[in-house]
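Protein chains in written order, with the working numbering: chain V, 65 to 244; chain R, 65 to 244; chain Y, 65 to 244; chain W, 65 to 244. Positions of the beta carbon are idealized from the N, C-alpha and C atoms, including for glycine. Values in this document were obtained by computation on a predicted structure and should not be read as measured data. Written below as structure tokens is the structure these notes are about.
There are 4 protein chains.
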Amino acid sequence: MTSDPTAAAPAAPAARSVRIIVTGGTFDKHYDAIKGELTFKDSHLPAILEQARVTLPVALEVNQLIDSLHMTDEHRQGVLAACRAAPEECIVVIHGTDTMAQTAQVVGSAALGKTIVFTGAMIPFSVQGSDALFNLGFAVGMTQALAADTYVAMNGRVFAWNKVRKNKQDGIFEAADAAA
Amino acid sequence: MTSDPTAAAPAAPAARSVRIIVTGGTFDKHYDAIKGELTFKDSHLPAILEQARVTLPVALEVNQLIDSLHMTDEHRQGVLAACRAAPEECIVVIHGTDTMAQTAQVVGSAALGKTIVFTGAMIPFSVQGSDALFNLGFAVGMTQALAADTYVAMNGRVFAWNKVRKNKQDGIFEAADAAA
Amino acid sequence: MTSDPTAAAPAAPAARSVRIIVTGGTFDKHYDAIKGELTFKDSHLPAILEQARVTLPVALEVNQLIDSLHMTDEHRQGVLAACRAAPEECIVVIHGTDTMAQTAQVVGSAALGKTIVFTGAMIPFSVQGSDALFNLGFAVGMTQALAADTYVAMNGRVFAWNKVRKNKQDGIFEAADAAA
Amino acid sequence: MTSDPTAAAPAAPAARSVRIIVTGGTFDKHYDAIKGELTFKDSHLPAILEQARVTLPVALEVNQLIDSLHMTDEHRQGVLAACRAAPEECIVVIHGTDTMAQTAQVVGSAALGKTIVFTGAMIPFSVQGSDALFNLGFAVGMTQALAADTYVAMNGRVFAWNKVRKNKQDGIFEAADAAA
Numbered sequence: 065m066t067s068d069p070t071a072a073a074p075a076a077p078a079a080r081s082v083r084i085i086v087t088g089g090t091f092d093k094h095y096d097a098i099k100g101e102l103t104f105k106d107s108h109l110p111a112i113l114e115q116a117r118v119t120l121p122v123a124l125e126v127n128q129l130i131d132s133l134h135m136t137d138e139h140r141q142g143v144l145a146a147c148r149a150a151p152e153e154c155i156v157v158i159h160g161t162d163t164m165a166q167t168a169q170v171v172g173s174a175a176l177g178k179t180i181v182f183t184g185a186m187i188p189f190s191v192q193g194s195d196a197l198f199n200l201g202f203a204v205g206m207t208q209a210l211a212a213d214t215y216v217a218m219n220g221r222v223f224a225w226n227k228v229r230k231n232k233q234d235g236i237f238e239a240a241d242a243a244a
Numbered sequence: 065m066t067s068d069p070t071a072a073a074p075a076a077p078a079a080r081s082v083r084i085i086v087t088g089g090t091f092d093k094h095y096d097a098i099k100g101e102l103t104f105k106d107s108h109l110p111a112i113l114e115q116a117r118v119t120l121p122v123a124l125e126v127n128q129l130i131d132s133l134h135m136t137d138e139h140r141q142g143v144l145a146a147c148r149a150a151p152e153e154c155i156v157v158i159h160g161t162d163t164m165a166q167t168a169q170v171v172g173s174a175a176l177g178k179t180i181v182f183t184g185a186m187i188p189f190s191v192q193g194s195d196a197l198f199n200l201g202f203a204v205g206m207t208q209a210l211a212a213d214t215y216v217a218m219n220g221r222v223f224a225w226n227k228v229r230k231n232k233q234d235g236i237f238e239a240a241d242a243a244a
Numbered sequence: 065m066t067s068d069p070t071a072a073a074p075a076a077p078a079a080r081s082v083r084i085i086v087t088g089g090t091f092d093k094h095y096d097a098i099k100g101e102l103t104f105k106d107s108h109l110p111a112i113l114e115q116a117r118v119t120l121p122v123a124l125e126v127n128q129l130i131d132s133l134h135m136t137d138e139h140r141q142g143v144l145a146a147c148r149a150a151p152e153e154c155i156v157v158i159h160g161t162d163t164m165a166q167t168a169q170v171v172g173s174a175a176l177g178k179t180i181v182f183t184g185a186m187i188p189f190s191v192q193g194s195d196a197l198f199n200l201g202f203a204v205g206m207t208q209a210l211a212a213d214t215y216v217a218m219n220g221r222v223f224a225w226n227k228v229r230k231n232k233q234d235g236i237f238e239a240a241d242a243a244a
Numbered sequence: 065m066t067s068d069p070t071a072a073a074p075a076a077p078a079a080r081s082v083r084i085i086v087t088g089g090t091f092d093k094h095y096d097a098i099k100g101e102l103t104f105k106d107s108h109l110p111a112i113l114e115q116a117r118v119t120l121p122v123a124l125e126v127n128q129l130i131d132s133l134h135m136t137d138e139h140r141q142g143v144l145a146a147c148r149a150a151p152e153e154c155i156v157v158i159h160g161t162d163t164m165a166q167t168a169q170v171v172g173s174a175a176l177g178k179t180i181v182f183t184g185a186m187i188p189f190s191v192q193g194s195d196a197l198f199n200l201g202f203a204v205g206m207t208q209a210l211a212a213d214t215y216v217a218m219n220g221r222v223f224a225w226n227k228v229r230k231n232k233q234d235g236i237f238e239a240a241d242a243a244a
């Protein structure tokens, strides 16, 4: 073991094109001062990617902007269709946390042969103390590094799509067999 | 290909203990209102990990709190020693960007057999528009997912320790052969 | 008038003790990550006064923590009672904007002989882009400077309690005769 | 005194046009990610006034953008000239705290017959925990409410221009006879 900087090192993964598919969720809510409530307007993702100083090629796609509690099977099929249509092999899906595991199950069981990482936030990006930026960075890393499959990435951890649930009482994700 | 949620999926990486070694850098600067300048006091990492809602086992170690422009060889040896002493196999080093590549080279060429990911920030966590949270999330993901080696993770990309430099004019990291 | 710094200048108003009466409103809402909604927990005022580096003697009183749309006559009488009981002559009332004018009318028509300034926020203190800090500073200034009476202070302007309404369409306060 | 909302109340001060004269100071510093330091670029005031939802007529004038420690007599004469030339009777001067009292003395001793309120910030607007918004709101209120003269408004208090100094050890303003 020498300190020779030209020594062979296993190559870092090549920078891979990433597609971010936005579906809304807590992550992307903003405060509407007139209505006096958290709702959706435009996605914060373009501003966030600039703030994160990302030089990776990123394609951004707003698939829908809704609360995941309002998602129907049709909405989930729309996410699956977007993942299937994407030319990229690395995909991050920004999703509400309440039904993230369900949509991940729909996408994961389709076995698209891509690395698809679901993430979201417990506190909106636009609110003090948000976990959105950390989670996005975590997911953008994981989608480049993990084998092709579908995952949920929250709380600094990554879970297989069929082994995860949201613990709604504690507001964290944990390993669990998928609901029958 | 079925939609059976019990179908075998490649396991997600098991949650692994991560050690975060703090060295200071732009990431951790705070504004001293009396002195009227950005300097170091306590690390923001404990508050950041809480904000990120991380449930992963994380050991936090403040190795030093300095501007990486002020780092000497002795400081870099201190980082290497901390990486060597760490019981964890997954390590994130928070480091100033200006000499991150040099310290990564010192650590990487020692070939410790651990996954060591250097990251930092171009704008302090405590300043509007910071990339710190994104970068930390990205690095915490990469350290769990990559093969044992030393890396620099910035701008949404990961670089091998001997193939990276900071482009100081543009403020971004890019692939490059290490300086001879 | 010379440039002699010892020349007599009209004295600035002496620092006066100020009481801040908190009633909740948008100003003080925080995001409950478990419930996924904006609600009330503790008031942000203690942290805000520290952030504002206020050296003025300030008494802080949490009268209630509710959305002003849910205020009843009884709640407004509670605000009036708190203003009456306060030993200070300078009072700031933090109040939801939707019925701020109504409560100001209840307090103003009681003619307590104190300078009582209502303010609030269109965007919570805890949300990006909030007007809360500006409005609080504005109100803390006005309560020290204005003659004894009751006022609404929003949008950088101050209105007499019986000459103001909220324009809910535009989300601003404007001069108007009080509703009959 | 009855609860009749049409009862005569002392009129609130009419909304008055305010001129904000920007000179830089800590208030307006931003972080230059390439240089790695706090410096000046554009003033944050246009964005701040929008955030504060100010409907008052405000004229904004960038007189200079420098650290007040670098101000010379010539710079202070420039501030005085701007105050003199302003058509408004209500002026807020955003100024570095270190020599705010000196410039206020130059302007105050000129006795322009206008209400001129100096303010600034101990922590930049662009940094977490800033007092800038509170101080600006406070000053915008005071300039409309106080008699014509020159004042320093910081820490929730207002001081006559010839009775104030910055206590640099504690980082607060306090009443004091002007230096001889």
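Contact between residue 80 (chain W) and residue 154 (chain W) holds: their C-beta atoms lie close to 5 Å from each other, under 8 Å. Among the residues facing chain V, residue 102 (chain Y) is included, as its CB has a counterpart in that chain under 9 Å away. For residue 106 (chain W), there is no enclosing alpha helix (DSSP H), since its DSSP letter is neither H nor E. Taking a cut-off of 8 Å on C-beta distances, the stretch 80–92 of chain Y touches the stretch 182–201 of chain Y, as three or more cross pairs fall below it. Per DSSP, residue 207 (chain W) is one residue of the alpha helix (DSSP H) stretching across 196–209.
Counting C-beta pairs closer than 8 Å gives fewer than three between the stretch 136–146 of chain Y and the stretch 224–244 of chain Y, which falls short of the contact rule.
In this structure, residue 236 (chain Y) sits away from residue 214 (chain Y), with a CB-CB distance that is not shorter than 9 Å.
Looking at the backbone, the Cα of residue 133 (chain Y) and that of residue 192 (chain Y) are separated by about 23 Å. Membership of residue 238 (chain Y) in the beta strand (DSSP E) is indicated by the continuous run 236–239.
When only Cα atoms are considered, residue 127 (chain Y) and residue 106 (chain R) end up about 36 Å apart. Taken atom to atom, the span from the alpha-carbon of residue 136 (chain V) to that of residue 108 (chain R) is near 40 Å. Around the CB of residue 195 (chain V), 16 or more other CB atoms lie within 10 Å, so the residue is classed as buried.
Following the DSSP letters along the chain, one finds residue 169 (chain R) inside the alpha helix (DSSP H) bounded by residues 164–172. Per the coordinates, the alpha-carbon of residue 207 (chain W) lies some 20 Å from the alpha-carbon of residue 163 (chain W).
Sixteen is the threshold: when 16 or more other Cβ atoms of the shown chains lie within 10 Å of the Cβ of residue 199 (chain Y), as they do, the residue is buried. Secondary-structure assignment with DSSP links residue 183 (chain R) through a beta bridge to R:158. Ranked by Cα distance from residue 104 (chain V), the options V:131, V:119 and V:116 are led by V:131.
For the stretch 178–202 of chain W, residues whose beta-carbon sits nearer than 7 Å to a beta-carbon of chain Y comprise 186, 193, 195, 197, 198, 199, 200, 201 and 202.
Proximity of residue 209 (chain Y) to chain W, defined by a Cβ-Cβ separation below 9 Å, is satisfied. Under the Cβ criterion of 9 Å, residue 215 (chain Y) is not counted among the residues facing chain V. Annotated three-state conformation of residue 112 (chain V) is helix, per DSSP. Just so you know, the alpha carbons of residue 95 (chain R) and residue 174 (chain V) end up roughly 50 Å apart. Residues of the stretch 135–155 of chain V with a C-beta less than 9 Å from any C-beta of chain R: none at all.
Only exposed fits residue 211 (chain V), as fewer than 16 other CB atoms lie within 10 angstroms of its CB.
Here DSSP, grouped into helix, strand and coil, assigns residue 129 (chain R) to strand.
With respect to residue 117 (chain R), residue 120 (chain V) sits apart: the two C-beta atoms are not nearer than 9 Å. Of R:99, R:102, R:100 and R:122, the smallest CA-CA separation from residue 110 (chain R) is found for R:122. DSSP places residue 144 (chain R) in the helix class (H, G or I) of the three-state scheme. Taking 8 Å as the cut-off between beta carbons, the residues of the stretch 87–98 of chain Y near chain V are 90, 95, 97 and 98, in sequence order. The beta carbon of residue 167 (chain V) does not come within 9 Å of any beta carbon belonging to chain R, so the residue lies off that interface. Residue 94 (chain V) has V:103 as its beta-bridge partners, per DSSP.
Nearest in C-alpha terms to residue 112 (chain R), of all of R:219, R:138, R:240 and R:204, is R:204.
In this structure, the CA atom of residue 183 (chain W) is about 14 Å from the CA atom of residue 238 (chain W).
The secondary-structure analysis by DSSP pairs residue 228 (chain Y) across a beta bridge with Y:239. The distance from the Cβ of residue 125 (chain V) to that of residue 85 (chain V) is about 5 Å, consistent with a contact at the 8 Å cut-off. DSSP places residue 217 (chain V) in the strand class (E or B) of the three-state scheme.
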